[in-house]
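In order, the protein sequences belong to chains A and B.
When the count follows numbering that gives the first Met the number 0, it moves up by one through the first sequence with no breaks and lands on 211 for the last residue.
When the count follows numbering that gives the first Met the number 0, it moves up by one through the second sequence with no breaks and lands on 185 for the last residue.
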Amino acid sequence: MIRTLLENNMQWASARVRAEPDFFRRLSAQQAPEYLWIGCSDSRVPANEIVGLDPGELFVHRNIANLAPPRDMNFLAVLQFSIEVLKVRHIIVCGHYGCGGVRAALDTQRRGLIDHWLQPVADLAHRHEDHLKEIADFDTRVNVACEHNVRAQVEYLGHNPFVADAWRRGQKLAIHGWIYSIRDGLLRDLDLSVERSRDVDRLASRAWFPDG
Amino acid sequence: MDNSGEFKPIERIPHDLLREPLIWFFAEHYRHRDVCARLMALSQSVIFDEAAMRDVYVFLDQDLPLHVIDEEDDLFPLLRRRCEPDDQIEKVLGMLSAEHANDMMDAGAVKSLVARALAEQRGLASFVEARSIIEPFCQQQKRHIAVENAVVLPIARHRLNEADLISLGQRLAARRGLDNPFTDAA
């Protein structure tokens, strides 16, 4: 029932005030998150909750398959605002195993507009088709592609002009690639962190598969 | 049950081993073999051994799925990132992942059978299908474990670094609701 959500909200706000009387006054005074989270829209991956951060501590952008598309105005506005106004120190691209968006990009079924949104993932999978098809189990193939998709977004971000300008100005800004498993609630660091243009070049030259 | 007729539960893995996650995997594989031996014995007996059946049921219901996550969402992805072309790991991991998917389906059939036996208080051998469900499952498990012990874990020992092993041990613990094994208190 929709009313339950409003009732839950009242209980949540009341519990927060009981735990910390100044919580909302402090929160409304300013927003100074250190992190920008780029994650999937999947309802099972609640950004703040899985990293144990309170409201106000994480600036969040979510879309299907956690993409950082270089021509998406919504995403670019979030990115510029978070870097230039909020001055976040870390950008986290977080994918998740079993992502339905990545799965959809890997199969041949037509779904409409979403196929266009997922085109970058499909293109990535196509580029690595020879390797991916060696993985017999489709679920595993999807999971490997989920990791690759995170890496691709870290690389896109590393080449984004807002990010490049921030680094040129000497602004401290690191980009990280993580993956989450819905099956155990745990995050994995994919060792993709970059904090300068040189790191991005090094990452781009790294092999995508154990055999090249 | 052992030779004395006394029921001995499936051995638990000491939590200290979480500090050496690859040894933990070997120990877990040892338990899988033990469970298969118990299942085979149960499948040949008409005696209703409730404690032994419940023990095996809990293992299939809780421990086995966790172990599959340990490998599928943790160890195998780590190996994919760390292995060198010479390791030729992808084909082996691809095969094992496909087997995991089948294992979970086969384990489901075994679990259903054990659940029925528990509900009807009958020995497993009194079900005509017991042998055809349990024997292939156990044989497949043994083959699967043999490949992991002989190929995957030795490569992991060679390729994973100290930080990998620490994070792996921490996640094995967290997945089971246990404290971080690398803190002083642990």
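Glycine included, each C-beta is placed from N, C-alpha and C at the ideal position.
Next item on the list: Could you work out which residues of chain B lie near Arg182 (chain A), taking near to mean beta carbons separated by less than 7 Å?
Entry: Those within 7 Å of Arg182 (chain A) in chain B are Ile68, Asp72.
Next item on the list: In the DSSP assignment, find the alpha helix (DSSP H) that holds Leu78 (chain A) and state where it starts and stops.
Entry: 72-79
Note to self: So if DSSP puts Trp207 (chain A) in a beta bridge, which residue, or which two residues, is it bridged to?
What the structure shows: DSSP, once it has assigned bridges, lists no residue as partnering Trp207 (chain A).
Next item on the list: Determine the DSSP secondary structure at Ala135 (chain A), reduced to helix, strand or coil.
Entry: coil
Check: Can a CB atom of chain A be found closer than 7 Å to the CB of Ala162 (chain B)?
Finding: no
Check: Pairing CB atoms from the stretch 97-113 of chain A with CB atoms from the stretch 139-148 of chain A, are three or more of them under 8 Å?
Finding: yes
Next item on the list: To the nearest angstrom, report how far apart Gln170 (chain A) and Ile91 (chain A) are at their CA atoms.
Entry: 17 Å
Next item on the list: May I ask you to check if the CB of Val45 (chain B) is nearer than 6 Å to at least one heavy atom of the ligand COA?
Entry: Inclusion of the ligand COA in the displayed structure is not the case, the ligand content being empty and no account of it being possible.
Notebook entry, point to check: Roughly how many whole angstroms lie between the Cα atoms of Leu63 (chain B) and Arg53 (chain B)?
Noted result: Cα-Cα distance, rounded: 14 Å.
Next item on the list: Just grab the DSSP bridge partners of Asp188 (chain A) for me.
Entry: A:Trp177
Note to self: According to DSSP, is Ile1 (chain A) part of a helix, a strand, or is it coil?
What the structure shows: helix
Next item on the list: Decide yes or no for the touch test of the stretch 57-77 of chain A against the stretch 4-24 of chain A: beta carbon pairs closer than 8 Å, at least 3 of them.
Entry: no
Note to self: One question on the structure: do Val153 (chain A) and Gly176 (chain A) come within less than 7 Å of each other, judged by their Cβ atoms?
What the structure shows: A contact, by the Cβ cut-off of 7 Å.
Item checked: Rounded Cβ spacing between Leu171 (chain B) and Leu17 (chain B) (contact assumed at less than 8 Å) -> 6 Å
Item checked: Between the CA atoms of Leu117 (chain A) and Phe161 (chain A) - distance to the nearest angstrom -> If I take the Cα positions, the gap works out to 23 Å.
Notebook entry, point to check: Can you check whether the CB of Ala135 (chain A) is closer than 7 Å to the CB of Gly93 (chain B)?
Noted result: yes
Notebook entry, point to check: Cβ of Tyr155 (chain A) within 7 Å of Cβ of Val87 (chain A)?
Noted result: no
Margin query: Suppose the cutoff is 6 Å on Cβ atoms and the five residues either side in sequence are ignored; what does the same chain contact list for Pro20 (chain B) look like?
Written below: Leu164, Leu167, Gly168, Leu171
Check: What are the residues of the stretch 50-64 of chain A that lie near chain B, defined by any Cβ-Cβ distance shorter than 8 Å?
Finding: none
Checklist line | Test item: CB-CB of His60 (chain A) and Ile82 (chain A) under 7 Å | finding: no
Check: Just the Cα atoms here: how many angstroms apart are Glu70 (chain B) and Val34 (chain B)?
Finding: When the Cα atoms are used, Glu70 (chain B) and Val34 (chain B) turn out to be separated by approximately 19 Å.
Note to self: Considering only the alpha carbon of each residue, which of A:Arg167, A:Leu26, A:Asn148 lies closest to Ile178 (chain A)?
What the structure shows: Ranking A:Arg167, A:Leu26, A:Asn148 by Cα distance to Ile178 (chain A) puts A:Asn148 first.
Check: Would you say Ala144 (chain A) faces chain B, with C-beta separation under 7 Å as the test?
Finding: No, Ala144 (chain A) lies away from the interface with chain B (no Cβ there is under 7 Å from its Cβ).
Margin query: Let me see if you follow: with CB-CB separation under 7 Å, is Pro209 (chain A) close to chain B or not?
Written below: Closer than 7 Å: yes.
Item checked: Cβ separation of Ser42 (chain B) and Arg130 (chain B), assumed to be a contact under 8 Å, to the nearest whole Å -> Their Cβ separation, rounded to whole angstroms, is 6 Å, which keeps Ser42 (chain B) and Arg130 (chain B) in contact under 8 Å.
Note to self: Rounded to the nearest angstrom, what separates Asn73 (chain A) and Thr3 (chain A) at their Cα positions?
What the structure shows: Between Asn73 (chain A) and Thr3 (chain A), the alpha-carbon positions lie close to 31 Å from each other.
Margin query: For the beta strand (DSSP E) containing Cys137 (chain B), name the first residue and the last one.
Written below: Where Cys137 (chain B) is concerned, there is no enclosing beta strand (DSSP E), although the alpha helix (DSSP H) it sits in stretches over 129-146.
Check: According to DSSP, is Tyr96 (chain A) helix, strand or coil?
Finding: When secondary structure is reduced to three states using DSSP, Tyr96 (chain A) falls in the coil class, being assigned neither helix nor strand.
Item checked: Simplified DSSP assignment, three categories, for Asn142 (chain A) -> DSSP places Asn142 (chain A) in helix when its eight states are reduced to three.
Check: Going by alpha carbons, who is nearest to Phe208 (chain A) out of B:Ala51, B:Leu78, B:Gln139?
Finding: Taking only the C-alpha atoms, the option nearest Phe208 (chain A) is B:Leu78.
Note to self: By alpha-carbon positions, which one of B:Asp85, B:Ala108, B:Phe47 ends up nearest to Ala116 (chain B)?
What the structure shows: B:Phe47
Notebook entry, point to check: Are there 16 or more other CB atoms within 10 angstroms of the CB of Glu5 (chain B), so buried, or fewer, so exposed?
Noted result: exposed
Checklist line | With 16 other Cβ atoms within 10 Å as the buried cut-off, status of Ser180 (chain A) | finding: buried
Margin query: Can you check whether the C-beta of Leu185 (chain A) is within less than 7 Å of a C-beta belonging to chain B?
Written below: yes
Notebook entry, point to check: Can you pull the DSSP bridge partners for His60 (chain A)?
Noted result: A:Ile37
Margin query: Pop quiz: His28 (chain B) and Ile133 (chain B) are said to be a contact at Cβ under 8 Å. What is the actual Cβ separation, rounded to whole angstroms?
Written below: Their Cβ separation, rounded to whole angstroms, is 19 Å, which puts His28 (chain B) and Ile133 (chain B) out of contact at 8 Å.
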